[in-house]
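K.L.:
Encoded as structure tokens, here's the structure I'll be asking about.
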Amino acid sequence: MMELAILGLLEEQEMHGYEIRRRLRDELGLFANVSFGSLYPALSRLERSGALAAVEDDRHVAPVPMTGSLTGEWAALRARRPVGTRGRRGRKVYRLTDEGRRQFAILLATEPPTGDDTRSFGLRLAFARYLPPQARLRLLERRRAQLLDRLGAARSAAGGVRLDRYARSLVEHAAESIERDVHWLDRLIEAERAPGGAGDPGSAWSRPGSITGAMPDDRLASAGPDPTARAVTTGGDIP
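Convert by adding 70 to the 1-based position in the sequence shown; the result is the number in my numbering.
Structure, rendered in structure tokens:
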């Protein structure tokens, strides 16, 4: 998922590592705990695969933040080494290559083996404008079908005789949350099928490049577990 997010951000514009980390955390909202120790190895892997090219940026270099992680700080310092010139102060700016665009298209279109959870679906939705129309529609319909399955399980659990009123209330709240998500997806699917699809100015889609606020109640921005998963953990009696 990290590689998909990085490639998607760089599809829009070239960026240095600090900017990529900021947008992962503040705009996508799916990687709240991303560290330099995990970001820069992912960038290095993509660079070695030919998906990214690093060029030198001679603009003002911000100081390396002291995070308390030696691995992360060392990775950040290494990324700021000049590219191809010794003795000059600079930092890497990452640019997507044609190979990177190919990898991005494959990752974006590939369905996760275990299905879309909240985080993987949200990430694909953030970059859905790069998918063909039929692929966008399949993404939405697949997620809707998954939520309907969870809704049925939550409703069955709510009627369980082993649940006390507090656990039942929690399960009912989870079911209501899933219902809101299903209605939200219905609107997106309707907009996608309408003439002009999601590109129309009045479409139900959120602004390109951001999924903050896209899901009801801003739940997606926190990238927490699915509502049914929370109910299972708390109630203990949901299959």
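Positions of the beta carbon are idealized from the N, C-alpha and C atoms, including for glycine.
Just checking my contact of LYS162 with ALA124 at CB under 8 Å: how many whole Å lie between their CB atoms?
P.N.:
Yes, they are in contact, since the Cβ atoms of LYS162 and ALA124 sit about 4 Å apart, within 8 Å.
K.L.:
Under DSSP, the alpha helix (DSSP H) around ARG161 begins and ends at which residues?
P.N.:
Taken as a continuous stretch (DSSP letters only), ARG161 belongs to no alpha helix (DSSP H), being part of the beta strand (DSSP E) at 161–166.
K.L.:
Quick check: the Cα distance between GLU117 and GLU81, rounded to an integer number of angstroms?
P.N.:
Using only the alpha carbons, I get a separation of about 15 Å.
K.L.:
Do you know whose CA, among GLY78, GLY99, TYR88, lies nearest THR188's CA?
P.N.:
Answer by Cα proximity: GLY99.
K.L.:
Going straight from the alpha carbon of SER226 to that of ASP256, what length do you get?
P.N.:
Going from the Cα of SER226 to the Cα of ASP256 covers about 23 Å.
K.L.:
Can you tell me the Cα-Cα spacing of ALA261 and ARG206, whole angstroms?
P.N.:
Cα to Cα, ALA261 sits roughly 11 Å from ARG206.
K.L.:
Take ALA11 as the anchor and find which of LEU195, PRO203, ALA75, THR180 has the nearest alpha-carbon.
P.N.:
One cannot answer for residue 11 here, as it falls past the ends of the chain, which runs 71 to 309.
K.L.:
State the Cα-Cα distance for the pair ARG165 and ALA237, rounded to the nearest angstrom.
P.N.:
Cα to Cα, ARG165 sits roughly 50 Å from ALA237.
K.L.:
Does the Cβ-Cβ distance between SER108 and MET72 come in under 8 Å?
P.N.:
Going by C-beta atoms, SER108 is nearer than 8 Å to MET72.
K.L.:
Relative to the C-alpha of ARG213, which candidate in SER239, TYR200, PHE174, HIS253 has its C-alpha closest?
P.N.:
If we check each option's Cα against that of ARG213, HIS253 comes out closest.
K.L.:
So what does DSSP say about HIS243, is it helix, strand or coil?
P.N.:
HIS243 falls in the helix class under three-state DSSP.
K.L.:
Could you check where the alpha helix (DSSP H) with PRO111 kicks off and where it finishes?
P.N.:
Residues 106–118.
K.L.:
List the DSSP bridge partners of GLU126.
P.N.:
Paired residues: LYS162.
K.L.:
Write down the C-beta distance between PHE101 and ALA121 rounded to the nearest angstrom, noting that I regard them as a contact closer than 8 Å.
P.N.:
18 Å between Cβ atoms; not a contact.
K.L.:
I need the DSSP call for MET71, collapsed to helix, strand or coil.
P.N.:
It is coil, neither helix nor strand.
K.L.:
Which residue comes first and which comes last in the alpha helix (DSSP H) that contains THR180?
P.N.:
Neither: THR180 is in no alpha helix (DSSP H) and is coded neither H nor E.
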